[in-house]
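Below: one structure, written as structure tokens.
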Amino acid sequence: MLCVGAGSGQLLDKNIRMAETVLIDRDEQALAKTDTRSLMNDRQGPVRFVVADFKDVQINGDVVYFEFCLHEMDDPQQAIDHARALAPDVVVFDHSPNSDWVFYAAEEKKVSRSAKALAHFNIKRQRSVYAEQTFKDHPELVAKLKNEGELAIQRAARFAGATNIVIPMPCDLTLL
């Protein structure tokens, strides 16, 4: 399985049998934080790390799995085309376009673009999953959004002084 945007590998199920897991991320520091012990058990094959932009990866597999990264790709449709050339199945787990979190992170255009790209392909199955982003207070929220830009910080000002912040983050799990 090729796991794109693997970062911490937080959503990988260690109970799924895989001959090999290839974690791909262009952020070397994110991959370095991955705890491979949490990914492996007696049913699991080796875990390989690849620091690269996905479009440059030329490794074949059974599944390409995009974990909260398709919307970050320069050209999501091209990324899916590339994934389909590498594996027979493509799974995308990413933000739903109607997500409150997407609004506060100022990622509406990116997420809309990736949703439109998905619509160009034969969707075999799609499920919505409800999730939440939770923060103890406004400073913790701002710290999470700091890399998203000034608009995200401005939108988060709505929560100034608040505690126990909960922001709905619906996601879509899509099999192509």
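At position 124 of the sequence shown the residue is numbered 547 (the numbering used here), and the sequence of numbers has no breaks. Every residue, glycine too, gets a C-beta built ideally from N, C-alpha and C.
Roughly how many angstroms separate the alpha carbons of residue i and residue j, rounded to a whole number?
i, j, result
"Ala506", "Asp560", "39 Å"
"Asn483", "Lys569", "36 Å"
"Thr597", "Gln500", "14 Å"
"Lys532", "Gly572", "14 Å"
"Thr557", "Glu563", "9 Å"
"Val552", "Asp479", "30 Å"
"Val470", "Ala583", "42 Å"
"Ile447", "Asp497", "16 Å"
"Arg512", "Ala585", "Note on residue identity: the sequence assigns Asp, not Arg, to residue 512. Distance between the alpha carbons of Asp512 and Ala585: 43 Å."
"Cys594", "Ala554", "7 Å"
"Val514", "Pro520", "17 Å"
Between residue i and residue j, which are expected to be in contact by the criterion C-beta below 8 Å, what is the C-beta distance as a whole number of angstroms?
i, j, result
"Asp517", "Phe491", "6 Å"
"Ala453", "Phe477", "Wrong, their Cβ atoms sit about 14 Å apart, outside the cutoff."
"Phe544", "Leu509", "That pair is no contact at about 15 Å."
"Val427", "Phe489", "5 Å"
In terms of DSSP beta bridges, what is residue i paired with?
i, result
"Gln549", "Thr597"
"Gln556", "Ile590"
"Asp512", "Val486"
"Asp517", "Asp595"
"Phe526", "According to DSSP, Phe526 bridges with nothing at all."
"Asp448", "Val474"
Are the stretch 571-587 and the stretch 532-551 in contact at 8 Å, needing three or more beta carbon pairs?
-> With the cut-off at 8 Å, the stretch 571-587 and the stretch 532-551 do not touch.
Inter-stretch contact (C-beta, 8 Å, three-pair minimum) for the stretch 472-487 and the stretch 523-534 = Judged by Cβ distances under 8 Å, the stretch 472-487 makes no contact with the stretch 523-534, as fewer than three pairs qualify.
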